[in-house]
Amino acid sequence: MNASRTNTSRRGVSRPSTAGRTRTARRVAVVGGVAASAVVLLAGPALAHVGVQPVGEAAKGGYATVNFKVPNERDDASTVKLEVNFPTEHPLASVSPQAVPGWKIVVTKSKLAKPIELHGKQITEAVSKVTWTATGDNGVGPGYFQQFPLSIGQLPEDADQLVFKTLQTYDNKKVVRWIDAPVEGAEPESPAPVLALTAATEDGHGAAAGDKDDAKGGADHASDKSDGKDGDGENAASSDSGDGTARALGIVGIVIGAAGVAFGVLAGRRRTSSTGTPAS
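For the sequence shown, position 108 (counting from the first letter as 1) is numbered 108 according to the numbering used here, and the numbering increases by one without interruption.
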């Protein structure tokens with residue numbers, strides 16, 4: 001009698017099978033893998049490099065205002081110098097920098113192998129480099145970025161983009177060379193800033209009259225040394241820092257969600273295994 005009761009009791013308890021435990025482990029592994037992949041995807045684009053973007057459009061044959069955006073990628077040093085080299089295959093005779101407080105600006109011109117025509121005049125030299133150097137302690141500190149504006153022209157009509165090889169110097173003497181030309185289908189390790197050119201407008205110019213007038217004045221500007229007395233050369237708040245915060249919060253949410261799903265699966269299995277089903 002006791003043996004019969006014992007056997008019945010054992011049959012009434014549903015124990016998790018080996019296959020069930022294996023399925024549970026697989027589900028947990030899949031959830032964990034998805035969370036880890038999401039973390040990698042979100043964290044990947046965190047690093048940024050020197051880039052260039054037009055204010056509005058940069059149309060072929062016209063003039064444009066562009067910003068060179070320089071983020072600081074180091075935690076223990078500040079950016080104190082930026083050298084932007086201009087493409088020799090598409091010379092730009094007109095380059096006018098906008099003053100940046102706390103930075104000295106030098107525009108360097110070089111003789112052209114073949115003169116170009118600009119506004120009915122023969123131009124024998126063009127800008128080959130623009131250099132910004134921080135004065136005093138006005139560098140770009142860790143966690144910040146700085147924009148360096150230029151008015152440039154006349155943009156070439158026979159090119160789809162302009163590549164600006166750039167050197168970024170830190171106060172610890174480290175130099176980052178952003179000089180790799182773009183490669184189709186892959187991003188170089190140290191990509192140079194690339195300005196994409198759009199189709200020419202109907203009037204054949206790519207900028208408003210104000211930009212064009214500024215560019216004309218820049219054609220006679222051999223060098224410009226501007227010492228800023230106000231400002232510290234750093235932005236009070238960085239949009240890059242905001243992006244990093246949002247990215248971090250997203251990662252935390254994914255990890256917490258994945259842990260919750262895994263806990264729910266395991267808890268459900270435990271409840272099923274501990275509930276007895278009367279034997280028929």
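C-beta: ideal position from N, C-alpha, C; glycine also.
With distances taken from CA atoms, which of T198, L195, Y63 and G139 is nearest K81?
Nearest option by C-alpha distance: G139.
Applying the 10 Å Cβ sphere with the 16-neighbour rule, what's the burial state of T79?
Around the C-beta of T79, 16 or more other C-beta atoms lie within 10 Å, and the residue is accordingly described as buried.
Assuming P91 is part of the beta strand (DSSP E), what are its boundary residues?
In the DSSP assignment, P91 falls outside any beta strand (DSSP E) and carries neither an H nor an E.
Here's the rule I'm using: 16 or more other beta-carbon atoms within 10 Å means buried, otherwise exposed. How should S94 be labelled?
With 16 or more neighbouring CB atoms inside 10 Å of its own CB, S94 falls in the buried class.
Give a single yes or no on whether N72 has its beta carbon closer than 7 Å to a heavy atom of the ligand PLP.
Of ligands this structure carries none, so the ligand PLP is not represented either.
Start and end of the beta strand (DSSP E) containing S110?
For S110, the uninterrupted beta strand (DSSP E) run begins and ends at W103 to L118, by DSSP.
Assuming the contact rule is C-beta atoms closer than 8 Å, K69 and Q147 should be a hit. Round their C-beta distance to whole Å, please.
The C-beta distance from K69 to Q147 rounds to 5 Å, short enough to meet the 8 Å contact threshold.
Would you say the stretch 88-106 touches the stretch 182-202, given that touching needs at least three Cβ pairs under 8 Å?
Of all C-beta pairs linking the stretch 88-106 to the stretch 182-202, fewer than three are shorter than 8 Å, placing the two stretches out of contact.
Assigned exposure category for N72 - 16 Cβ within 10 Å defines buried:
It counts as buried.
By Cβ distance, which residues of its chain are closer than 6 Å to Q53, with the 5 residues on each side in sequence left out?
Around Q53: N67.
Backbone CA spacing between H119 and G62 [nearest angstrom]
Take the alpha-carbon of H119 and the one of G62: they are about 12 Å apart.
So, do the stretch 153-165 and the stretch 192-202 have three or more beta carbon pairs nearer to each other than 8 Å?
With the cut-off at 8 Å, the stretch 153-165 and the stretch 192-202 touch.
Presumed contact (8 Å Cβ cut-off) between S327 and N85, rounded CB distance:
Given that the chain is displayed from residue 1 to residue 280, the structure contains no residue 327 and the question cannot be resolved.
Let's test the definition: count the other Cβ atoms within 10 Å of the Cβ of Q122 and tell me whether it reaches 16, buried, or not, exposed.
Label assigned to Q122: exposed.
When DSSP labels each residue in this structure, what does V52 get in the three-state scheme?
Of the three classes helix, strand and coil, the one that applies to V52 here is strand, per DSSP.
Out of curiosity, what's the CA-to-CA distance linking E117 and D137?
In this model, E117 and D137 are separated by some 42 Å (Cα to Cα).
By the DSSP assignment, the beta strand (DSSP E) with F68 in it spans what residues?
It spans A64 to P71 - the beta strand (DSSP E) in which F68 sits, taken as one unbroken run.
How should V183 be labelled, buried or exposed, when 16 other C-beta atoms within 10 angstroms of its C-beta is the threshold for buried?
With fewer than 16 Cβ atoms within 10 Å of its Cβ, V183 is classed as exposed.
Consult DSSP for S168 and reduce its assignment to one of helix, strand or coil.
Here residue 168 turns out to be Gln, not Ser, going by the sequence shown. Residue state, collapsed to three classes: strand.
Taking just the CA atoms, how far does E83 sit from D180?
Rounded to whole angstroms, D180 to E83 spans 15 Å at the Cα level.
With L112 and T124 assumed to form a contact (beta carbons below 8 Å), what rounded beta-carbon distance in angstroms separates them?
Right, the Cβ-Cβ distance comes to about 6 Å (below 8 Å), so this counts as a contact.
Rounded separation between E157 and A200 - CA only
Distance between E157 and A200, taken at the CA atoms: about 8 Å.
Select from G153, P115, P101 and Y144 the residue whose C-alpha is nearest the C-alpha of T133.
T133 has its Cα closest to that of P101, out of G153, P115, P101 and Y144.
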